[in-house]
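Asker:
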Amino acid sequence: MKIIVCLKQVPDTNEVRINQETGTLIRDGVPSIINPDDKNALEEALRIKAAHDCTVTVISMGPPQAKDALKEALAMGADEAILLSDRAFGGSDTWATATVLAAAIEKIGSYDIILCGRQAIDGDTAQVGPEIAEFLNIPQVTYAKKIDFKDGKAIVTRYTETGDYVIESKMPVLLTAIKELNVPRYPTVKGILNAYAPGSDNISVWGIDDLTIDATQIGLKGSPTNVYKSFVPTKSKTNEMIDGLNGKEKAAKLIGKLSDLKLI
Amino acid sequence: MRRKVNQAINLSDYKDIWVIGEQREGKIHPVTTELIGEAKKLAEGTANQVMAVVAGHKIEEEVEKLLYYGVDKVYYINSPLLETFSTDGYSKAIAELILEKKPEIVLVGATSIGRDIGPRLAAKIGTGLVADCTKLEIDPSDGKLLQTRPAFGGNLMATIICPKNRPQMATVRPGVMKKAVHEANAVGIVETVSPTLKAEDIAARVVEMIQSGKKRVNLTDAKIIVSGGRGIKGPEGFDLIKALADKLGGEVGSSRACVDCGWIDHMHQVGQTGTTVRPVVYIACGISGAIQHLAGMSDSDYIIAINTDPEAPIFKVCDYGIVGDLKEVIPAMMEEVDKLNVFEL
Ligand SMILES: Cc1cc2nc3c(=O)[nH]c(=O)nc-3n(C[C@H](O)[C@H](O)[C@H](O)COP(=O)(O)OP(=O)(O)OC[C@H]3O[C@@H](n4cnc5c(N)ncnc54)[C@H](O)[C@@H]3O)c2cc1C
Ligand SMILES: Cc1cc2nc3c(=O)[nH]c(=O)nc-3n(C[C@H](O)[C@H](O)[C@H](O)COP(=O)(O)OP(=O)(O)OC[C@H]3O[C@@H](n4cnc5c(N)ncnc54)[C@H](O)[C@@H]3O)c2cc1C
């Protein structure tokens, strides 16, 4: 079996700060990490590899720094890593991102499972996985929390708000992982030594010329959606601190106010 | 065959606003009426009609209920192959109808199911999709749809447009838009459509549905929510939270910290990766006010915060704040509420 994992490098949004004056993100000094759901996707691929005979290829579209995320994936146990990096890919929305990733997956070929994270913590759309599946014309199961195989089919438990669905899918299939799927491992010392060995050139880099792709469907120009403006969320709130000698007195004042406003 | 975007289509060929109705096991999901409410708002003062699409089988009665929410038409895509949910079946059937009828705007609920078929639909049709919107407006200058959504974990809001492709598609976060009003009389009609679906089109099918078994909490419709955070110190802290919620006729919410500690079920979680709520009163007890929590409750009409730390960020977004120990403040609040009730008698 061949498994391909799509992995995005993202800024750690817990560390993101906002410049209140300009309303922009301060990215300087913010650590880059492997998108959390994608770590669950990779972990699942490695577990499947341990139980079945298969190889795990990780791919990422991004700037050259995204190699760091791929190195970490190799240290965790992936067999092969490919970075998709080209100016022509810059500014891609989910349509264009999925177009590039699908073209790379087609080039790799003869895959059985594509694993993605459900959602990236920066763009937050959860759209890239299903769009790749459509472009490859294969079935998908999103929000996967348990994955098994039986008689050449994938048996996947997917989360919904009202209870889980167990879905039986033909292969190849694209699955998107949520954090309930597993607990990602840490890289082993041996894995780290191999992945980060000086001079080791273990990541292939593909640009637009390496892919069979319609250049009108990628990058900023090929993206159907555009960011029109962005801003920092603002809230206007009464913001009154209730004072009093003790909790009891404050509680009484609060309930008085809520009652006056006919809220309770 | 793969469709393409940016094919210089004639934008004026597209009209009307469509809502993709979600049904689960034959029952219309509440987000559908929220989408209808929003679609009606967007259609106001324009020639656009509001139409809903529901895919399924043997759910005629449920589909007709939508006519009481003031839609002009419901397309009911009826086929035995659509009786249970499948990404393949639903997205193929709905995409086919969109390609034929050419709506200008298509809204999908950003539930775990809507976020599964939404991108699949957009990719089949050849258009953009804006994720998890919390605000939609029509640009008065040229009629384009301004789609606003949180990104970077709620740290940033972005307004996204889809200028050259149609329909303009968005998934809309549940619990954010106002529900359409239920009218006494039905208007509009149901038009039943048969899809060109074949059994082989469905490559992934549901073989079992596991109901979560637990009592469902309805945070989305609650008028009052009392939420506990790590400051309640342990699972038994929710006894106090629940006592206050019960007294006020509200529901119990939680921060993710308590869910991650296993003190309460994920169903209660409010925030970016939980439920978005907008009750009349939201009472945050022992919750620091992380941006991911605020993302799910900052649209509440009144926010009350109780926290021992005067510097807790939650105080920056609250209407009324009490610096104090919740173990002291909550019982005192309950006593005061009891007093009120006595006066009312
Ligand atoms: C503020 C803002 C708002 C945006 N809103 C929208 C919008 O509404 N609609 C839209 O179409 N685009 C939008 N974009 C663009 C979008 O963020 C990018 O296209 C991004 O490359 C992919 O989307 P995502 O981060 O949401 O990924 P998701 O779709 O959330 O990612 C899901 C999974 O796909 C895989 N994946 C995603 N990106 C990559 C990658 N580069 N390499 C490898 N695997 C990957 C990963 O497995 C990931 O877990 C927005 C961008 C910004 C900055
Ligand atoms: C991708 C991502 C998604 C997330 N999604 C969500 C989400 O959906 N919802 C969510 O809530 N979080 C979410 N989080 C987590 C979020 O960042 C915070 O970690 C979390 O909200 C903190 O929960 P808390 O306020 O209960 O705990 P803490 O931050 O630990 O705050 C506890 C508070 O209790 C106060 N306190 C202590 N003792 C008392 C007392 N006796 N009386 C009164 N106050 C007291 C303290 O002063 C403190 O302010 C997410 C994080 C990430 C990275």
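Chains as they are written, first to last, in this note's numbering: chain F, 1 to 264; chain B, 1001 to 1345. Glycine included, each C-beta is placed from N, C-alpha and C at the ideal position. Bear in mind the structure is a predicted one, so any value in this text is a computation, not a measurement.
#1: What would DSSP say about residue 1140 of chain B, mapped onto helix, strand or coil?
#2: At which residues does the alpha helix (DSSP H) containing residue 1094 of chain B begin and terminate?
#3: Can you find the residues in the same chain that come closer than 8 Å, C-beta to C-beta, to residue 212 of chain F, ignoring five residues on each side of it along the sequence?
#4: I want to know whether the segment 197–215 of chain F touches the segment 64–80 of chain F - three or more CB-CB distances under 8 Å.
#5: Residue 1171 of chain B bridges to which residues according to DSSP?
#6: Output, in sequence order along the chain, the residues in the segment 1313–1325 of chain B whose CB is closer than 9 Å to any CB in chain F.
#7: First and last residue of the beta strand (DSSP E) that includes residue 1018 of chain B?
#8: Let me know the secondary structure DSSP gives residue 64 of chain F once reduced to three states.
#9: For the candidate residues B/1309, B/1172 and B/1225, whose alpha-carbon lies nearest to that of residue 1298 of chain B?
#10: For residue 25 of chain F, which residues in chain B fall below 9 Å Cβ to Cβ?
#11: Taking Cβ to Cβ, would you say residue 1285 of chain B is nearer than 8 Å to residue 1340 of chain B?
#12: Can you tell me which of B/1028, B/1037, B/1003 and B/1333 puts its alpha carbon nearest to the alpha carbon of residue 1183 of chain B?
#13: Could you tell me how far apart the beta carbons of residue 1217 of chain B and residue 1268 of chain B are, in whole angstroms, since I believe they sit closer than 8 Å?
#14: Hey, residue 167 of chain F and residue 1204 of chain B are a contact pair by Cβ (cut 8 Å); roughly how many whole angstroms apart?
#15: Just curious, the alpha helix (DSSP H) that residue 1258 of chain B is in, first and last residue?
#16: Assuming the contact rule is C-beta atoms closer than 8 Å, residue 91 of chain F and residue 220 of chain F should be a hit. Round their C-beta distance to whole Å, please.
#17: Any residues in the segment 1250–1270 of chain B with a beta carbon nearer than 7 Å to a beta carbon of chain D? Which ones, in chain order?
#18: Should residue 1205 of chain B be counted as a contact of ligand 4 given a C-beta to heavy atom distance under 7 Å?
#19: Is the Cβ of residue 206 of chain F closer than 8 Å to any Cβ of chain B?
#20: Need the endpoints of the alpha helix (DSSP H) that residue 7 of chain F sits in, please.
#21: Of all the options F/229, F/210 and F/260, which has the alpha carbon lying nearest to the alpha carbon of residue 82 of chain F?
#22: Who are residue 1217 of chain B's beta bridge partners in DSSP?
#23: Could you tell me which of F/263, F/10, F/180 and F/99 sits nearest to residue 66 of chain F, measuring between CA atoms?
#24: Does the beta carbon of residue 111 of chain F sit closer than 8 Å to a beta carbon anywhere in chain B?
#25: Going by CA-CA distance only, name the one from B/1238, B/1090, B/1330 and B/1255 that's closest to residue 248 of chain F.
#26: With 16 as the cutoff for other CB atoms within 10 Å, does residue 29 of chain F come out buried or exposed?
#27: Taking 8 Å as the limit between beta carbons, can you name the residues of its chain near residue 195 of chain F, skipping five residues before and five after?
#28: So is residue 1345 of chain B buried or exposed if we call it buried at 16+ other beta carbons inside 10 Å?
#29: Under a Cβ-count criterion, where at least 16 other Cβ atoms within 10 Å of its own Cβ denotes burial, should residue 231 of chain F be classed as buried or exposed?
#30: Residues of chain B with CB under 8 Å from residue 115 of chain F, in chain order?
#31: How many angstroms separate the CA atom of residue 34 of chain F from the CA atom of residue 1188 of chain B?
Answerer: Quick look at the numbers:
#1: What you label residue 1140 of chain B is simply residue 140 of the second sequence in a count that begins at 1. Here residue 1140 of chain B sits in coil by DSSP.
#2: Translated into positions along the second sequence, residue 1094 of chain B becomes position 94. Residue 1094 of chain B -> alpha helix (DSSP H) spans 1087–1101.
#3: Here residue 212 of chain F corresponds to residue number 212 of the first sequence, with the count starting at 1. 103, 106 and 107.
#4: yes
#5: Translated into positions along the second sequence, residue 1171 of chain B becomes position 171. Note: residue 1171 of chain B sits in a beta bridge opposite B/1108.
#6: 1315, 1316, 1317, 1318, 1319, 1320, 1321, 1322, 1323, 1324 and 1325
#7: As a first step, residue 1018 of chain B is located in the second sequence; it is residue number 18 there, counting from the start. Unbroken beta strand (DSSP E) run through residue 1018 of chain B: 1017–1020.
#8: Within the first sequence, residue 64 of chain F is the residue found at index 64, counting from 1. Looking at residue 64 of chain F - three-state DSSP - the assignment turns out to be helix.
#9: Residue mapping note: residue 1298 of chain B aligns to position 298 of the second sequence, counting from 1. Residue 1298 of chain B has its Cα closest to that of B/1225, out of B/1309, B/1172 and B/1225.
#10: As a working note, residue 25 of chain F is residue 25 in the first sequence. The answer, in chain order, is 1152, 1155 and 1156.
#11: Position 285 of the second sequence, counting from 1, holds the residue named residue 1285 of chain B. Position 340 of the second sequence, counting from 1, holds the residue named residue 1340 of chain B. For residue 1285 of chain B and residue 1340 of chain B, no; Cβs fall outside 8 Å.
#12: The residue given as residue 1183 of chain B occupies position 183 in the second sequence. Ranking B/1028, B/1037, B/1003 and B/1333 by Cα distance to residue 1183 of chain B puts B/1037 first.
#13: Your numbering for residue 1217 of chain B matches position 217 in the second sequence. Your numbering for residue 1268 of chain B matches position 268 in the second sequence. Rounded, the Cβ-Cβ distance is 6 Å, consistent with contact.
#14: Along the first sequence, read from residue 1 onward, the residue named residue 167 of chain F stands at position 167. Along the second sequence, read from residue 1 onward, the residue named residue 1204 of chain B stands at position 204. That belief holds up - the Cβ atoms of residue 167 of chain F and residue 1204 of chain B are roughly 5 Å apart, short of 8 Å.
#15: One-based indexing of the second sequence puts residue 1258 of chain B at position 258. Where residue 1258 of chain B is concerned, the enclosing alpha helix (DSSP H) stretches over 1256–1260.
#16: Position 91 of the first sequence holds residue 91 of chain F. Position 220 of the first sequence holds residue 220 of chain F. Yes, residue 91 of chain F and residue 220 of chain F are in contact; Cβ-Cβ is about 3 Å, under 8 Å.
#17: The question asks about chain D, but that chain is absent: this structure's protein chains are F and B.
#18: Ligand 4 is not part of this structure, which contains only ligand 1 and ligand 2.
#19: Residue numbering aside, residue 206 of chain F sits at position 206 when the first sequence is read from its first letter. Not an interface residue.
#20: Taking the first residue of the first sequence as 1, we reach residue 7 of chain F at position 7. Residue 7 of chain F -> no alpha helix (DSSP H), and no H or E assigned at all.
#21: For the purposes of this step, residue 82 of chain F is taken as the residue at position 82 of the first sequence. For residue 82 of chain F, the nearest C-alpha among the options comes from F/210.
#22: Here the question's residue 1217 of chain B lines up with position 217 in the second sequence. Note: residue 1217 of chain B sits in no beta bridge, so no partner.
#23: Mapped onto the first sequence, residue 66 of chain F falls at position 66. Measuring from the Cα of residue 66 of chain F, the nearest candidate turns out to be F/10.
#24: Locating residue 111 of chain F in the first sequence gives position 111, counting from the first residue. Not an interface residue.
#25: Against the first sequence, residue 248 of chain F aligns to sequence position 248. Considering only alpha carbons, the answer is B/1330.
#26: Residue mapping note: residue 29 of chain F aligns to position 29 of the first sequence, counting from 1. It counts as exposed.
#27: Along the first sequence, one-based indexing puts residue 195 of chain F at 195. So the list reads 71, 72, 74, 75, 187 and 202, once near-sequence residues are dropped.
#28: Translated into the one-based positions of the second sequence, residue 1345 of chain B becomes position 345. Confidence at residue 1345 of chain B is low in this model, with a pLDDT of 47, below 50, so its placement is unreliable and the value that follows should be read with caution. Looking at its Cβ environment, which holds fewer than 16 other Cβ atoms inside 10 Å, residue 1345 of chain B is exposed.
#29: Looking up residue 231 of chain F in the first sequence gives position 231. Its Cβ having fewer than 16 others within 10 Å, residue 231 of chain F is exposed.
#30: Walking along the first sequence from the start, residue 115 of chain F turns up at place 115. The premise fails here: residue 115 of chain F is roughly 15 Å from chain B at the closest Cβ pair, so nothing lies under 8 Å.
#31: As a first step, residue 34 of chain F must be located in the first sequence, where it is residue number 34. As a first step, residue 1188 of chain B must be located in the second sequence, where it is residue number 188. Taking the straight line joining both Cα atoms gives about 50 Å.
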